[in-house]
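Here the structure is laid out as structure tokens; the discussion comes afterwards.
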Amino acid sequence: MKTYQEHMMIALRGFLVAAPLLLAALPVAAQNPLLPGIGAKDRRVVVDAGHAPWNSLVKVQSNLGARCTGVLVAPRRVVTAAHCLLNRAQRFLPASSLHVLFGYERGEYRQHRAVATLETGGPYDKERRLDGLVGDWAVLTLDGDAPEGMPPLPLARVPPDAGTPLMLGGYSQDRAHLVTADTACAARGINDTDRGPLLVHDCDGTRGVSGAALLVRTPGGDDGAGEGWAVAGIAVAAVSGPNPRNIAVPSAAFVAAVEGNTPSLR
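Structure representation (structure tokens):
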């Protein structure tokens, strides 16, 4: 009998990667073998990118055309998946080739920021072994503050317990010009590896959603107006099958980099 890790290794062939734009209907996506991470019943819906918490999401692009999702976690800092920033030789792109689009929707965006520096969780395992995913994060420092009305989200320093309600939204490859989200998913536990923990969840998400925030409710927003949202982790890998158990890097892995307590690598 295969161990849990062996099953996960096989399933992770459906890894979330930056991909060319493919405009397919959402109902078809659940049946499309090219779209791992979507369950038998696709729960994704289109959400308003101009309203919280989706207005804290960004589109991360490179000069090579790679596209992923990111999340604003400080006025000048965005977190995304490290594998979105690799070139064809599996080396990290220079910060100068990366761009962040705020308020992207239907081919238009509100503002653009260049990336001044980036820090990754390396060494990143290009063969995509399960424990290599722990380092699959990147913190982008922008060349200017984010636009007004696009607030950074706080980081949850402790991973959510199994069963905790979550949301996951981003620019999926099959609906790349809109933010689609699974708003009715949950944490499924922690998978411990030699390099650290990974967060397992059942949120529907596929290529293009790499680097998107796994969102968890937090009581008492900054303005005291009720519940807010925090980033529990970022999506990095998807498992194919009717009942996927997808993978995120917990926010604790990159909180020091976001807060400026580690040196920039690039």
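Numbering of the sequence shown is given in the numbering used here, commencing with residue 12 and proceeding in unit increments. Glycine included, C-beta positions come from ideal geometry on N, C-alpha and C.
Proximity below 8 Å, CB of residue i to CB of residue j
i: residue 144; j: residue 223; result: no
i: residue 257; j: residue 250; result: yes
i: residue 193; j: residue 78; result: no
i: residue 97; j: residue 89; result: no
i: residue 220; j: residue 80; result: yes
i: residue 131; j: residue 106; result: no
i: residue 187; j: residue 243; result: no
i: residue 225; j: residue 240; result: no
i: residue 155; j: residue 121; result: no
i: residue 147; j: residue 205; result: no
i: residue 157; j: residue 175; result: no
i: residue 87; j: residue 152; result: yes
i: residue 280; j: residue 164; result: Any question about residue 280 goes unanswered here, given that the chain covers just 12 to 277.
i: residue 149; j: residue 92; result: yes
i: residue 61; j: residue 255; result: no
Supposed close pair residue i, residue j - CB separation, criterion 8 Å
i: residue 95; j: residue 71; result: 6 Å
i: residue 261; j: residue 51; result: Not a contact, Cβ separation roughly 27 Å.
i: residue 216; j: residue 246; result: 5 Å
i: residue 74; j: residue 161; result: With 8 Å as the limit, residue 74 and residue 161 do not qualify as a contact, their Cβ atoms being about 24 Å apart.
i: residue 214; j: residue 189; result: With 8 Å as the limit, residue 214 and residue 189 do not qualify as a contact, their Cβ atoms being about 17 Å apart.
i: residue 218; j: residue 109; result: Not really, about 18 Å apart at Cβ, beyond 8 Å.
First through last residue of the beta strand (DSSP E) which encompasses residue i
i: residue 111; result: 109 to 113
i: residue 197; result: 191 to 204
i: residue 127; result: 122 to 131
i: residue 99; result: No beta strand (DSSP E) holds residue 99; DSSP gives it neither H nor E.
i: residue 85; result: 78 to 85
i: residue 149; result: 149 to 153
i: residue 210; result: 207 to 212
Reduced DSSP category for residue i - H, G, I as helix; E, B as strand; rest coil
i: residue 143; result: helix
i: residue 188; result: coil
i: residue 65; result: helix
i: residue 224; result: strand
i: residue 262; result: helix
i: residue 106; result: helix
i: residue 94; result: helix
i: residue 257; result: strand
i: residue 88; result: strand
i: residue 161; result: coil
i: residue 230; result: coil
i: residue 245; result: strand
i: residue 166; result: strand
i: residue 174; result: coil
i: residue 217; result: coil
Limits of the alpha helix (DSSP H) - the one that residue i falls within
i: residue 269; result: 266 to 269
beta-carbon residue i near the ligand COA non-hydrogen atom, thresh 7 Å
i: residue 204; result: Here there are no bound small molecules, and the ligand COA is not part of this structure.
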